[in-house]
Amino acid sequence: MKQKSFINYIVGPPVITLNQFFGRRQQINEVFDMINGKKALMPQRVVGIRRSGKTSFLQYLSNKTVIEKMVLPDIEPTTIVYINLEEGINTPDDFFLLVADKISKSDFFAEKSFNQRRKFAKFSEFADWVRCFLVHSRLVILLDEFDMIVDSENFNVNFFRNLRSLVNDRFVWIISLKSLDNKFDNKSLSEDNTSYFLNIFYSTPICLGQMEPEESDELIYTPAKSQDVNISKEEIEQIKNLAGGFPYFLQAASERWLDSVRSGVVCHKRSEIVKSELLKPGNQIRHQMSSYWRTFNSVQKKAMYSAANGELNAYPVYDDLELLASYGLVVKHGNNFRVPGKLFQHWILHFSDYKNIIPDISHSSGQKHQQTRQGLVFISYSHKDEAWKDKLLLQLQVPVKNDMLEVWHDREIDAGEDWQDRIYSAIDRAKVSILLITASFLTSEFIIEEEVPRLLTRKENDNLTIIPIILEPSPYDLVPWLSNILVRPKDGKPLSSMKRFQQNSALVEITREVVNCLEKK
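First residue of the sequence shown: 14, per this note's numbering; consecutive thereafter.
As C-alpha cells, this is what we get:
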C-alpha cells in the first residue's frame with residue numbers, strides 16, 4: 014500500500030520539495046514561454062519584497078523534474094542553473110568562479126564530456142569557457158539575492174559590462190531583486206548614459222505579489238487534506254480574508270487554523286484567535302509586517318494607510334498605489350485599492366507609526382494636525398554608555414522644552430511593547446540621528462547589524478542627518494561606513510579626554526547644530 018504523502022505548511026524558509034510548492038503558474042509560464050521560443054530569450058528580473066517566495070520560485074525553475082516537464086521536446090538542450098549570491102561572494106572573481114562551479118555541477122556534465130576547468134586568470138578566460146559550453150546547450154543562469162552585488166562597492170562598471178557582454182540568444186541572466194527601482198543604475202552608467210547591465214532588462218519584470226485565488230485555495234486545502242483535516246470552502250475563504258494572497262501569510266494563518274481545529278475551537282471563533290496569535294508582540298508575522306513597512310518611504314506609507322483605512326479620496330497617491338500593487342501590498346478593487354488581508358490591515362491601523370507620518374484626515378474637524386516641533390532626534394548608543402547619553406540629553410532638554418525638537422532613545426520603550434518595532438519606527442521618523450561612538454557601540458551586534466544599516470539607508474534615501482560623537486578613544490577610523498561622515502567634536506577629539514566644562518561646551522555646540530539642522534529641513 015502506497016504511503017500517504019504528508020505535506021507541511023512552510024512558514025518562512027524556502028520551499029524545496031515540489032509537492033509543497035503552490036501557485037505562481039503565470040510567472041512560471043512566462044519563463045518557460047521564453048525558453049520554449051514563444052517569445053525572445055532575454056534577461057529578466059524577478060521582483061518581490063522579502064519572503065514573497067523569490068528563492069522558492071527560482072529553485073523551482075531549476076528543478077530537473079520541472080525542466081523535463083516544461084521544456085518542449087523539440088527545443089534544443091537548455092541548462093538552467095540556480096545560484097544563491099549569499100554564498101560568500103565578495104569580488105567579481107568570486108562571482109565568476111561560483112558561476113563556473115555551479116555550471117560544472119549541472120546535469121549537463123553528467124551527460125557530456127566537457128572541459129570542467131573552473132579557475133580563470135581573467136574574465137576573458139571565463140567568457141571563452143562559457144562560449145564553448147554554448148556550442149552544446151543554451152544556458153539560463155538564475156541569480157538569487159542579486160541585491161548582495163548591488164549593495165557592494167566591489168562590483169563596479171567593468172563587472173556590469175562583463176555581465177552584459179555574455180548575453181546573447183543562447184545565454185541569459187535571470188536575477189531576483191527586492192525592488193522595482195533601478196537603484197544601482199548610477200553605478201553602471203557609461204559616458205553616454207547607457208547602463209551596461211540594466212538596459213538589457215527592458216521587458217516587464219516578473220513580480221511575485223499576491224497569488225491567484227484558486228492557487229491560494231490549493232495552498233490552504235492540500236496540506237490540510239494530507240494531514241486528514243478537512244477544511245470547508247467557507248473556512249478557506251475566512252483564511253484568505255485574514256491572510257490575503259501572500260504565500261507566507263497564507264501558510265502561517267493556515268497552520269494556526271489547523272491548530273485551532275485540533276484544539277476543538279469552535280468555527281466562528283477561529284478567525285479572531287488566529288489573528289490574535291499572529292499579531293502578538295514578537296511573532297514573526299508581525300515582525301515581517303514591520304519589515305515591509307520600513308521598506309517604503311513616507312508617501313508610500315501614507316498610501317498603504319489610506320488603502321487600509323478606506324480613505325483614498327483623502328490621500329490620492331495613485332502612482333504609489335500602483336507600485337505597491339506590483340509588490341502585492343495593495344490590490345486593485347474596481348477603481349479603488351485596498352490592503353489584502355485583515356492581518357496586514359489591522360497591523361497598519363494599530364501597530365504601525367502612521368500617526369507620526371499621516372496628517373489628520375478626519376472629515377469631522379476639517380483641520381490638519383499641525384506639529385509644533387521641528388522633528389525627531391534619534392539617539393543610538395550602547396547601554397554601557399548610559400551616563401554619556403544622559404549628559405547629552407541634559408543639553409537637548411533645552412530645545413525640547415521650547416518645542417524645537419523631540420528626542421527618542423530606547424528607554425522610551427514601555428514594558429510589554431515590541432521593542433524592535435519601536436526602535437525601527439523611531440528610525441523611520443527621525444530627521445537627525447546622533448551616534449554615541451565608543452568601542453562598546455562599534456561592537457554591539459544589534460546596533461551594527463540592525464540600527465546602523467537602517468540609518469544609512471535613510472541617510473541615502475531620505476536625507477537623514479547623522480551626527481557621530483566620539484565619546485572615548487576607539488579605532489573608529491577603521492570603520493568604513495564612518496569614513497564619509499564628519500564626526501564631532503572637532504577633529505574627532507574624544508569627549509573623555511576633555512575637562513568637564515569642555516565636555517559641556519562641546520555638547521552645547523552639538524545641540525545648536527542639531528537645532529539649526531532641523532530648521533533647514
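In this text, a Cβ means the ideal position worked out from N, Cα and C, and glycines have one as well.
List the endpoints of the continuous alpha helix (DSSP H) containing residue i.
i, result
"arginine 37", "Segment: none, arginine 37 is in no alpha helix (DSSP H) and carries neither H nor E."
"isoleucine 88", "Isoleucine 88 -> no alpha helix (DSSP H), and no H or E assigned at all."
"lysine 402", "399 to 414"
"asparagine 349", "Premise fails: asparagine 349 lies in the beta strand (DSSP E), 349 to 351, not in any alpha helix (DSSP H)."
"aspartate 182", "Counting along the chain, aspartate 182 falls outside any alpha helix (DSSP H), and DSSP gives it neither H nor E."
"isoleucine 116", "105 to 117"
"methionine 224", "First-last for methionine 224: undefined, no H or E at that position."
"histidine 359", "355 to 363"
For residue i, which residues of its own chain have a beta-carbon under 7 Å away from its beta-carbon, when the five flanking residues on both sides are left out?
i, result
"aspartate 366", "Ser438, Asp441, Arg442"
"serine 75", "Ile93, Val94, Tyr95, Leu155"
"aspartate 230", "Ile249"
"glutamate 268", "Tyr22, Val24"
"asparagine 415", "none"
Under a three-way DSSP split, which group does residue i fall into?
i, result
"valine 390", "strand"
"serine 446", "strand"
"serine 189", "strand"
"histidine 281", "helix"
"lysine 293", "coil"
"tyrosine 22", "coil"
"histidine 149", "coil"
"lysine 135", "coil"
"aspartate 164", "coil"
"asparagine 529", "helix"
"isoleucine 102", "coil"
"asparagine 310", "coil"
"valine 521", "helix"
"asparagine 97", "strand"
"isoleucine 154", "strand"
"isoleucine 440", "helix"
"isoleucine 219", "strand"
"phenylalanine 573", "Any property of residue 573 remains undetermined from this structure, which presents the chain solely from 14 to 534."
How would you write the range of the beta strand (DSSP E) that residue i sits in, first residue to last?
i, result
"tryptophan 421", "419 to 421"
"lysine 570", "Because the chain in this structure spans residues 14 to 534, residue 570 falls outside the shown range and cannot be described."
How big is the Cα-Cα spacing for residue i and residue j?
i, j, result
"arginine 174", "glutamate 473", "25 Å"
"serine 311", "aspartate 434", "16 Å"
"valine 170", "asparagine 49", "32 Å"
"isoleucine 96", "lysine 115", "7 Å"
"leucine 292", "glutamate 89", "50 Å"
"isoleucine 543", "arginine 501", "Because the chain is modelled from 14 through 534, residue 543 falls outside the range shown and cannot be assessed."
"proline 507", "isoleucine 426", "29 Å"
"phenylalanine 262", "valine 24", "8 Å"
"aspartate 160", "threonine 308", "14 Å"
"valine 112", "glutamate 166", "20 Å"
"threonine 68", "lysine 282", "35 Å"
"leucine 469", "isoleucine 479", "8 Å"
"methionine 83", "tyrosine 234", "25 Å"
"tryptophan 401", "isoleucine 447", "12 Å"
"serine 509", "aspartate 164", "36 Å"
"glycine 66", "glutamate 522", "49 Å"
"leucine 406", "lysine 533", "22 Å"
"arginine 467", "isoleucine 436", "11 Å"
"isoleucine 460", "histidine 359", "29 Å"
"aspartate 431", "aspartate 423", "11 Å"
"alanine 265", "valine 344", "20 Å"
"isoleucine 20", "glutamine 301", "24 Å"
"arginine 135", "alanine 338", "The question names arginine, but residue 135 in the sequence shown is lysine. Computed Cα separation, rounded: 43 Å."
"proline 218", "lysine 238", "35 Å"
"glutamate 81", "proline 488", "56 Å"
Leaving out five residues before and five after residue i in sequence, what residues of the same chain have Cβ atoms less than 6 Å from its Cβ?
i, result
"glycine 257", "Pro353, Gly354"
"isoleucine 102", "Phe108"
"leucine 54", "Met47, Asp182, Val185"
"glutamine 251", "Ser284"
"valine 528", "Pro412, Met417"
"serine 457", "Ser395"
"glutamate 464", "Ser393"
Excluding the 5 residues preceding and the 5 following residue i in the sequence, name in chain order all residues of the same chain whose CB lies nearer than 8 Å to its CB.
i, result
"leucine 71", "Val59, Tyr95, Leu155, Asp157, Ile187, Ser189"
"glutamate 225", "Gly36, Arg38, Gln39, Gly258"
"glutamine 383", "Confidence is the limiting factor: at glutamine 383 the pLDDT is only 38, short of 50, which leaves the residue's position unreliable, though a coordinate-based value still follows. Counting only Cβ-Cβ distances below 8 Å, and skipping sequence neighbours, we find nothing."
Start-end ranges of the alpha helix (DSSP H) lying completely within the segment 36 to 85, minimum 4 residues: 38 to 48, 67 to 74, 77 to 83
Report the start-end ranges of each beta strand (DSSP E) in the segment 453 to 518 that is 3 residues or longer and not cut off at the edges. 478 to 483
What are the uninterrupted segments assigned as alpha helix (DSSP H) that are 4 or more residues long and contained completely in the segment 240 to 267, given in chain order? 246 to 256
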